[in-house]
Amino acid sequence: MEHLEDNRQKVPEIFSWLLVLLFAYTAVNKFLDYEGTKAALYNQVFPIWMADILLIAVPGAELLLALMLCIPAYRKWGFLGSIILMGAFTGYVGLVITGLFDRIPCSCGGVLQAMSWPQHLLFNLFFLGISFIGYLIERNALARAQMGLFKAKNTKGPNGP
């Protein structure tokens with residue numbers, strides 16, 4: 006049983022580091038290639054004013070989530086934020102693939118630029134999946150820890166209360 010508990014602790018840690026690598030890489034890439042990122046966002050199907058907001062908000066959110074995933078006390082919230090961000094990215098890629106838009110915008114920068122849209126969808130689904138599983142494990146671990154504290158406070162000792 007102890008081995009199972011060790012794995013429950015390792016899985017979210019591994020998942021969080023995978024997400025940290027993804028978010029840190031993509032955020033730094035966006036900042037280093039600011040003009041390329043700006044051009045790519047301006048080529049998307051949403052309005053320019055939204056692109057201007059996303060130009061700072063997306064890499065900022067990615068860095069914040071990477072930081073949260075590094076700190077055990079905030080990891081659950083980092084996973085939840087990852088679900089939201091990866092869900093938005095995945096939904097957008099899904100809409101591109103279904104042909105909802107009049108034109109196909111350019112893809113992401115960096116290494117991800119070499120992927121086709123279907124490959125990008127699978128990539129995003131993988132990271133969305135580990136975000137979701139990591140969140141569930143963290144949430145359950147915190148609930149178990151709180152129940153353990155509750156039981157410890159309410160347990161009578163051998164000599165009574």
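According to the numbering used here, the sequence shown holds residues 6 to 166 in order. Positions of the beta carbon are idealized from the N, C-alpha and C atoms, including for glycine.
Check: Within 8 Å, strictly: CB atoms of Ser-21 and Arg-108; Outcome: no
Check: Nearest to Tyr-30 (by Cα), restricted to the options Phe-84, Leu-72 and Phe-51; Outcome: Leu-72
Check: For Asn-48, three-class secondary structure by DSSP; Outcome: coil
Check: Own chain residues within Cβ distance below 8 Å of Trp-122, not counting five before or after; Outcome: Val-98, Val-101, Ile-102, Ile-109 and Ser-112
Check: Residue range of the unbroken alpha helix (DSSP H) whose run includes Leu-90; Outcome: 80-103
Check: Inter-stretch contact at 8 Å, needing at least 3 Cβ pairs: the stretch 88-96 / the stretch 45-54; Outcome: no
Check: Reference Leu-141, options Val-33, Pro-64, Gly-86 and Gly-65, closest by Cα; Outcome: Gly-86
Check: Residue burial classification, Gly-96 (beta-carbon count within 10 angstroms, cutoff 16); Outcome: exposed
Check: Val-69 - containing alpha helix (DSSP H), residue span; Outcome: Residue identity differs from the one stated: residue 69 is Leu in this sequence, not Val. It spans 53-75 - the alpha helix (DSSP H) in which Leu-69 sits, taken as one unbroken run.
Check: Simplified DSSP assignment, three categories, for Met-171; Outcome: An answer regarding residue 171 cannot be provided, because it is not within the stretch 6 to 166 covered by the chain.
Check: Assigned secondary structure, Phe-106 (DSSP; H/G/I helix, E/B strand, else coil); Outcome: coil
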